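K.L.:
This note's numbering puts the first residue of the sequence shown at 2, with every later residue one more than the last.
For each residue, glycine too, the CB sits at the ideal point set by N, CA and C.
Remember, predicted model here, so these are calculated numbers, not experimental data.
Below you'll find the structure I mean.
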Amino acid sequence: MTSIFFSPRGTTKKTARAILGHQEKVLERDLLGRPLTEEWTLPAGEPVLVSMPVYAGRIPGICREMLLAHLKGHENPAIAVAVYGNRDYDDALVELQDLLEENGFCVIAGAAFVAQHSIFTKVAAGRPDEDDRRRMAEFGAMCREKLSGFAPDAHTPIHIKGNRPYKKAKGVPFQPECNQNCMKCYACAKNCPTHSIPLETPWLTRTDTCISCGACIYLCPTQARGYRGPVFEVAAKGFEAMCAKRREPELFF
Ligand SMILES: Cc1cc2nc3c(=O)[nH]c(=O)nc-3n(C[C@H](O)[C@H](O)[C@H](O)COP(=O)(O)O)c2cc1C
Ligand code: SF4
Ligand code: SF4
């Protein structure tokens, strides 16, 4: 099993691991640390789990581009997973399904799981929780069963919730700011997936290229980086009220 994920704040990676449990021989590919830069064709028959965080109801644009350009299969079975912050996953899961089918994979299962919102962190705080992890493990077991009977010739695309054409993704108007706690360790600049933090001045953020993924906040050893300011605080309050109702995992086979 190959497990591919992009997980700037860590919950998508946790979800992928909870789905696969203690399966042996899982090859992990973290697109944050090791982006795809050249064609990667999976060996015939190798199943793949692709897990993506939801950004504005879609999969992150940089992941879409690199997966579409480089990840290839020859009727390999695939599992598509979207992890979202309790607002909605909108069209992210169908987008991932379509991308994988287009690149030669047979999507045999899909799931949307909830995790702490990586910008408005009071939303879905503490998730995935015990119940979520149980559902993830159950989903993994159901996928294994489906994989054991997989025959590419009999594959027809499964039904997954979402719109086609996809809704247009709106940009996120907040980017991390840095305060005086920066001790110039450069961890943020070295790990930013869009190179939006200059190495010479890591307390700055290039707002035109930053995708608000939050990796720099997560990695910063001094909590120098974060979403701050009165406009953000007001938006966070509104968002917390709007997304207060607990959403549950949704599975598709
Ligand atoms: C730029 C951005 C946009 C987001 N858009 C949505 C969204 O449309 N719906 C939602 O429920 N959560 C949204 N989230 C929350 C993430 O999908 C969620 O927190 C996810 O667990 C993050 O994964 P990670 O911990 O692996 O980085 C967004 C987060 C970011 C950073
Ligand atoms: S600067 Fe923006 S894109 Fe780079 S790690 Fe921070 S939030 Fe992500
Ligand atoms: S990770 Fe934090 S302390 Fe290190 S350079 Fe970036 S902002 Fe400064």
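So, using beta-carbon positions, are P36 and P199 closer together than 9 Å?
P.N.:
It is not a contact, given that the beta carbons lie outside the stated cut-off.
K.L.:
Would you grab the beta carbon distance between F233 and I159 for me? Rounded to a whole angstrom, and I think it's under 8 Å.
P.N.:
With 8 Å as the limit, F233 and I159 do not qualify as a contact, their Cβ atoms being about 39 Å apart.
K.L.:
Answer with buried or exposed for H118, where buried requires no fewer than 16 other C-beta atoms within 10 angstroms of its C-beta.
P.N.:
Flag for H118 reads buried.
K.L.:
Among A45, T157, E25, A17, which has the Cα closest to the Cα of V82?
P.N.:
Closest option to V82, Cα to Cα, is A17.
K.L.:
Taking the beta strand (DSSP E) that G111 belongs to, which residues open and close that run?
P.N.:
G111 -> beta strand (DSSP E) spans 106-115.
K.L.:
For the candidate residues G239, Q224, A225, whose alpha-carbon lies nearest to that of P231?
P.N.:
Considering only alpha carbons, the answer is G239.
K.L.:
Of all the alpha helix (DSSP H) runs that stay within the bounds of the region 218-244, which reach a length of 4 or more residues?
P.N.:
Within the region 218-244, the complete alpha helix (DSSP H) runs of at least 4 residues are 231-243.
K.L.:
In whole angstroms, what is the alpha-carbon distance linking R88 and S4?
P.N.:
Rounded to whole angstroms, R88 to S4 spans 25 Å at the Cα level.
K.L.:
Near K14, what residues of its chain come up, given a Cβ to Cβ distance below 6 Å and the 5 sequence neighbours on each side ignored?
P.N.:
Same-chain partners within the cutoff: F6, S8.
K.L.:
Among I60, A142, P78, whose alpha-carbon lies nearest the alpha-carbon of Y85?
P.N.:
Of I60, A142, P78, the residue nearest in Cα terms is I60.
K.L.:
Around the C-beta of M53, are 16 or more other C-beta atoms found within 10 angstroms, so that it is buried, or is it exposed?
P.N.:
By the 10 Å Cβ count, M53 comes out buried.
K.L.:
For the putative contact between I120 and Y219, defined by C-beta atoms under 8 Å, what is the C-beta separation to the nearest angstrom?
P.N.:
Their Cβ separation, rounded to whole angstroms, is 12 Å, which puts I120 and Y219 out of contact at 8 Å.
K.L.:
Would you check whether ligand 3 has a heavy atom nearer than 8 Å to the C-beta of Y187?
P.N.:
Checking the Cβ of Y187 against ligand 3 gives yes.
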